[in-house]
Amino acid sequence: MNFLGSALNSIKPRDDDTIFDRVNYYYSTIIIVFAAAVLTAKQYVGQPIQCFVPAEFSRAWEQYAEDYWRVLISLALLITLFSFVYNTYWVKPGEKVPDDLNEREERQLIYYQWVPFLLALEAGFFYLPVIFWAQMNTKSGLNIANMVKIVQKCDDTEGAERNKAVETICRYMEDSVRLQKVRRDVSSATEKHLTLGLLHGTYLANMYILTKLLYLFNVIGQFVMMNQFLGQNNSLWGINILNDIRTGRDWELSGNFPRIAMCDFSVRILAHIQRFSVQCVLVVNMFNEKVFLFLYIWFIIVFGLTFFDMWRWTYMTKISGRRVAYIERFLKPNSDEHLLFREFCDKIINADGIIVLKMIAGHSNELFSQQILHTLWDKFKSSVELNQVIIADKVPRSEDSSSLGSTDKKLRVFERTLSIMGARVKLPLLKTDQNGDVFNESIINQVATTNPSGHSTPMFYVDDKSETPLIRQNS
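Right under this line is the structure:
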């Protein structure tokens with residue numbers, strides 16, 4: 015029991031998951047470990063098999079017959095798991111016991127001794143995807159578990175402490191966007207296609223969806239493994255058992271988890287080996303039937319929930335419109351901020367930000383997510399206002415601006431990109447004149463009245479080939 019307690023204590027809920035994840039790695043694992051413990055106690059502490067022996071058998075022989083399968087397990091473990099030979103087989107009531115030993119071997123029940131080991135293996139498989147998620151999600155620069163813990167500490171607080179937590183989360187998210195830019199700058203062309211979204215703000219979402227996919231593959235694999243283990247050729251055996259229970263059809267006719275089986279064993283009497291066949295009651299199969307039937311239904315439920323959750327997260331993170339709709343629940347931009355808002359959603363928040371915000375909302379409350387979004391949005395707009403890219407069309411770089419003609423004085427403003435918080439962001443058009451030229455009058459007036467030295471007037475040029483802003487000062 016100490017081992018069971020240690021195993022259950024090591025399985026703890028995480029702070030970077032949802033209830034659907036916990037159904038897989040937490041609740042399923044605990045259920046299977048508990049079932050394995052119960053069946054282990056029944057098989058190795060209780061009396062899983064009882065045999066009806068002839069009257070001439072002494073009590074010692076009867077005990078030997080009942081313990082024979084235990085001896086086989088011990089011997090098999092010492093030799094190899096796969097060379098194990100079972101001597102318990104099922105015969106329908108009223109049917110003659112086959113004389114052919116080969117036919118008896120074909121009817122052997124080869125699973126019930128190994129049920130605890132199978133369940134332990136299943137529990138381990140259910141926990142593997144969350145280990146993968148724990149190892150991979152921090153590579154994006156966003157440690158969701160730590161961010162959730164920061165938020166949870168301030169759940170019931172107001173004022174400075176809460177604002178400090180929000181600022182910390184925002185700083186983490188800004189740093190993640192900047193880290194993506196650094197990685198893009200140092201990555202080769204080949205590496206940029208092998209990062210699974212690490213350079214573009216979709217890595218965390220990709221890893222999370224991949225984890226969901228691993229959960230699905232695990233459940234499918236559990237079905238296949240369970241069918242092979244129980245010797246079932248029909249994958250609907252669980253439904254058939256439920257139908258048998260509903261219609262009152264007994265196991266004696268179906269052969270599912272038989273309670274009565276035949277057991278062959280040999281006894282040396284002087285120089286001769288004498289073979290005996292006795293009828294045994296497999297008490298443990300009463301428990302096995304209930305456990306495997308429950309797991310069959312549970313796996314179906316887990317598969318359905320996981321498939322729905324994977325589709326939901328894929329739709330939320332991979333469809334730009336859905337990301338924008340989610341953010342619009344908390345932010346209401348002005349009508350003239352439409353372009354900037356879309357750039358904010360796609361470049362700053364992106365799919366990874368959606369994962370973070372929804373995790374925080376799920377483990378704390380949506381007010382935190384709303385406050386984080388408002389803070390990031392205000393920072394983003396401030397950065398854009400301070401970094402508007404103005405392209406001086408045909409403006410010579412001479413110090414004397416008095417020689418500029420009226421056409422040369424006109425500054426056209428295009429939709430160009432600028433690095434904001436490490437992301438390439440499109441800027442909105444400022445103003446259009448009657449000729450279709452876009453310009454900003456305040457900048458035009460500033461250039462037109464520049465003194466000859468030009469030291470006080472900023473001039474902005476953009477490389478048309480790379481569209482990289484080159485902000486220069488007149489010299």
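For the sequence shown, this note's numbering gives the first residue as 15, with consecutive numbering after it. The C-beta atom is built at its ideal place from N, Cα and C for all residues, glycine as well. What you are looking at is a predicted structure, and each value in this text was computed from that prediction instead of being measured.
Short of 8 Å from the beta carbon of isoleucine 234, and not among the five residues preceding or following it, lie these beta carbons of its own chain, in chain order: Phe317.
At the C-beta level, valine 295 and isoleucine 274 come within 8 Å of one another.
Rounded to whole angstroms, the Cβ separation of glycine 215 and valine 191 is 7 Å, and the two are in contact under 8 Å. Restricting attention to Asn241, Phe290, Ala159, Gln194, the CA atom closest to the CA of isoleucine 183 is found in Ala159. For glutamine 127 against serine 378, the beta-carbon gap comes to about 48 Å, at or over 8 Å, which does not count as contact. Under the three-pair Cβ rule at 8 Å, the segment 45–56 counts as touching the segment 127–136.
Counting C-beta pairs with one atom in each stretch, the segment 235–253 and the segment 304–315 have three or more that are closer than 8 Å, which means they touch.
In this structure the segment 365–382 does not touch the segment 349–356; the number of beta carbon pairs closer than 8 Å is below three. In the DSSP annotation of this structure, phenylalanine 317 is not part of any beta strand (DSSP E); the continuous alpha helix (DSSP H) holding it starts and ends at 298–332. For phenylalanine 344, there is no enclosing beta strand (DSSP E), since its DSSP letter is neither H nor E. A direct Cα-to-Cα measurement between isoleucine 164 and lysine 393 gives close to 21 Å. Here phenylalanine 34 really is in contact with threonine 320; their C-beta atoms are around 6 Å apart, less than 8 Å.
Taking C-beta separations shorter than 6 Å and ignoring five residues to either side along the sequence, the partners of threonine 389 in its chain run Val180, Cys184, following chain order.
Contact between the segment 301–310 and the segment 239–248 is established, with three or more Cβ pairs separated by less than 8 Å. Here isoleucine 63 is bridged, per DSSP, to Leu296. In this structure, isoleucine 368 places its C-beta atom within 8 Å of the C-beta atom of threonine 331. Less than 8 Å divides the Cβ of tyrosine 217 from the Cβ of aspartate 366.
Following the DSSP letters along the chain, one finds glutamate 188 inside the alpha helix (DSSP H) bounded by residues 174–200. Apart from the 5 residues on each side of it in sequence, asparagine 364 sits with its Cβ closer than 6 Å to the Cβ of Gly215 in its chain, given in chain order. At the C-beta level, methionine 324 and leucine 230 come within 8 Å of one another. DSSP places isoleucine 25 outside both helix and strand once states are collapsed to three, so it counts as coil. Closest by C-alpha distance to asparagine 220, out of Tyr340, Tyr329, Asp29, is Tyr329. For tryptophan 251, the enclosing alpha helix (DSSP H) covers residues 251–261. Taking a 10 Å sphere around the C-beta of phenylalanine 146, we find fewer than 16 other C-beta atoms and assign the residue as exposed.
Taking a contact as a CB-CB distance under 8 Å, the pair serine 154 and leucine 212 counts as one, their CB atoms being some 7 Å apart.
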